[in-house]
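Asks:
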Ligand code: ATP
C-alpha cells in the first residue's frame with residue numbers, strides 16, 4: 116500500500132450497511148425522509164493527508180478508476196469545507212487507499228469524506244470539537260456523520276441526524292460485491308416510480324431490530340432486517356436475486372441489499388459459516404467477489420499522525436458567511 120510515511124496523517128474509516136432502512140415520501144427538497152439503522156462493518160478505506168502546494172487527490176485500489184480525482188471527490192470536498200471554515204486554502208494532498216466498493220451502497224465516498232476531515236483536522240492542528248466535526252459531516256452528506264461515529268446508529272431526517280445504538284455482540288457478514296455500481300439518486304427515482312400513487316407512511320425505526328442489535332443475537336437480527344430500497348435496487352439489477360439465492364442456499368441466516376445496492380449483505384451465524392457462504396458465493400459466479408466482515412466496526416480513526424510540525428496554511432480572507440464561528444483558528 117502506497118503511503119506517504121513520516122509526514123502525513125492517515126485515517127481509516129469503515130463501510131456501512133443499513134440493517135434497517137424505512138423510506139418515506141419524497142420531501143419538497145427532493146430528499147426522502149428516512150429511518151435508517153446503520154451498522155459499520157470491517158471493510159475500510161484509508162485516507163492520508165499530506166501538506167501540498169494545492170489540493171490534489173490520488174487513489175489506489177481495485178475500484179480506483181471509478182473514483183473522481185477532482186473537486187467532486189467527497190474527500191476533497193471535506194478538506195475544502197474545513198479549510199474554508201478557517202479562511203485558508205486547502206493545500207493538501209489526499210491519497211485514498213480504497214477497499215470499499217464504489218457506488219456499492221456501502222457509503223465509501225462518505226467514509227472518505229469523514230476520513231479526510233479527521234486527517235486534515237489533525238494535519239492542520241485545528242482541534243475542531245467532535246460536535247463541530249459531526250456538523251461538518253452532516254453538511255457533506257447524509258451518510259458522512261455515521262462514517263465518523265461508526266458502531267451502530269439510527270439516522271433520521273435524510274439519514275444525517277444520528278443517535279448511537281448499543282450493540283451486544285459481534286455479527287458476522289458476507290458481502291457480495293457486484294460487477295459495477297448503482298447510482299443512489301437513480302435508485303431513489305426507481306423507488307418513487309414503484310410507489311407512485313401509493314400512500315407512504317412516515318418512516319419508523321423497528322424496535323425489534325434495535326433489540327436484536329442490543330442483544331447481539333444474529334437469529335433475531337435475521338428476522339428483522341429490512342430495506343425499503345431493496346425492491347427498487349432489484350428492479351434495476353434483477354440478477355441480484357440469483358446472488359441472494361446462492362447465499363441463502365449456502366446457509367446464510369438472511370440477506371439484504373445494502374442501502375441503494377448493488378452490494379448484497381448476508382448475515383451468518385459465525386466466522387465458520389461466513390467462510391462457507393463466501394466460498395459458495397464465489398463459486399456461484401453470481402457476484403464479482405465475496406468478502407467476509409464483522410460488525411460493529413469503529414468509526415473514522417487516526418492510524419498514523421504527522422511526525423513533523425505541520426504549519427497551518429497562510430490565512431486567506433473569505434466572504435463573511437464562510438468565516439469560522441465556534442472553531443478555534445490554528
Ligand atoms: P451511499 O451508500 O452513501 O449511497 P455508495 O456507496 O453507493 O453511496 P459511493 O461509493 O459513495 O456510493 O460513490 C458514489 C459516487 O460518488 C461515485 O460513483 C463517484 O462518482 C462519486 N465519488 C465522489 N467521491 C468519491 C470517493 N471518495 N469515493 C468513491 N466515490 C466517490
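In the numbering used here, the protein residues as written are 116 to 445.
All residues carry an ideal CB built from backbone N, CA and C; glycine is no exception.
#1: For residue 145, count neighbouring C-beta atoms within 10 Å of its own C-beta (all shown protein chains included) and say buried if the count is 16 or more, exposed if not.
#2: Just the C-alpha distance for residue 264 and residue 255, rounded to the nearest angstrom, thanks.
#3: How many angstroms separate the CA atom of residue 348 from the CA atom of residue 219?
#4: Tell me the residue span of the alpha helix (DSSP H) that contains residue 387.
#5: Flag this pair as yes or no: are the beta carbons of residue 320 and residue 130 separated by less than 7 Å?
#6: Between which two residues does the beta strand (DSSP E) carrying residue 174 extend?
#7: Do residue 399 and residue 381 have their C-beta atoms closer together than 7 Å?
#8: Based on Cα-Cα distance, which residue from 272, 372 and 359 lies nearest to residue 135?
#9: Give the DSSP bridge partners of residue 132, in chain order.
#10: Can at least three beta-carbon pairs, one atom from the stretch 333-344 and one from the stretch 382-394, be found at a separation below 8 Å?
#11: Kindly list the residues whose CB is nearer than 6 Å to the CB of residue 276, restricted to its own chain and excluding five residues on each side of it in sequence; keep chain order.
#12: Shortest alpha-carbon distance to residue 69 belongs to which of 124, 184, 391 and 310?
#13: Based on Cα-Cα distance, which residue from 193, 223 and 368 lies nearest to residue 253?
#14: Can you list, in chain order, the residues of its chain whose CB lies under 6 Å from that of residue 259, leaving out five sequence neighbours each side?
#15: Taking 6 Å as the cut-off, is the beta-carbon of residue 183 closer than that to any non-hydrogen atom of the ligand ATP?
#16: Could you spell out where the alpha helix (DSSP H) holding residue 269 opens and where it closes?
#17: In the DSSP output, what is residue 161 paired with across the bridge?
#18: Taking 6 Å as the line, does the beta carbon of residue 85 fall inside it for any heavy atom of the ligand ATP?
#19: Between the beta-carbon of residue 210 and the beta-carbon of residue 169, is there less than 7 Å?
#20: How is residue 275 classed by DSSP in three states: helix, strand or coil?
#21: Decide if residue 420 is buried, meaning its Cβ has at least 16 other Cβ atoms within 10 Å, or exposed.
#22: Where does residue 160 land, buried or exposed, given buried means 16+ other C-beta within 10 angstroms?
#23: With residue 408 as the anchor, note down where its beta strand (DSSP E) starts and where it stops.
#24: What is the DSSP secondary structure of residue 305, counted as helix, strand or coil?
#25: Could you tell me if residue 345 is buried or exposed, where buried requires 16 or more neighbouring beta carbons within 10 angstroms of its beta carbon?
#26: For a test of the three-state rule: what should DSSP assign to residue 345, helix, strand or coil?
#27: Since residue 419 sits in a beta bridge, which residues does DSSP pair it with?
Replies: Short version:
#1: exposed
#2: 15 Å
#3: Roughly 11 Å separates the two Cα atoms.
#4: That run of the alpha helix (DSSP H) goes 386-399.
#5: In this structure, residue 320 sits away from residue 130, with a CB-CB distance that is not shorter than 7 Å.
#6: 171-175
#7: Their beta carbons are not under 7 Å apart, which means residue 399 does not touch residue 381 by this criterion.
#8: Residue 135 has its Cα closest to that of 372, out of 272, 372 and 359.
#9: 154
#10: yes
#11: none
#12: With the chain represented from 116 up to 445, any question about residue 69 goes unanswered, as that position is not in the structure.
#13: Answer by Cα proximity: 193.
#14: 225, 228, 229 and 252
#15: yes
#16: Here residue 269 belongs to no alpha helix (DSSP H); instead the beta strand (DSSP E) covers 267-272.
#17: 127 and 212
#18: As displayed, the chain neither begins before 116 nor continues past 445, which places residue 85 out of reach and without an answer.
#19: no
#20: coil
#21: exposed
#22: buried
#23: 404-410
#24: Residue 305: helix per DSSP, three-state reduction.
#25: By the Cβ neighbour-count rule, residue 345 is buried, with 16 or more other Cβ atoms within 10 Å of its own.
#26: If DSSP states are grouped into helix, strand and coil, residue 345 belongs with the helices.
#27: According to the DSSP secondary-structure assignment, residue 419 is paired through a beta bridge with 125.
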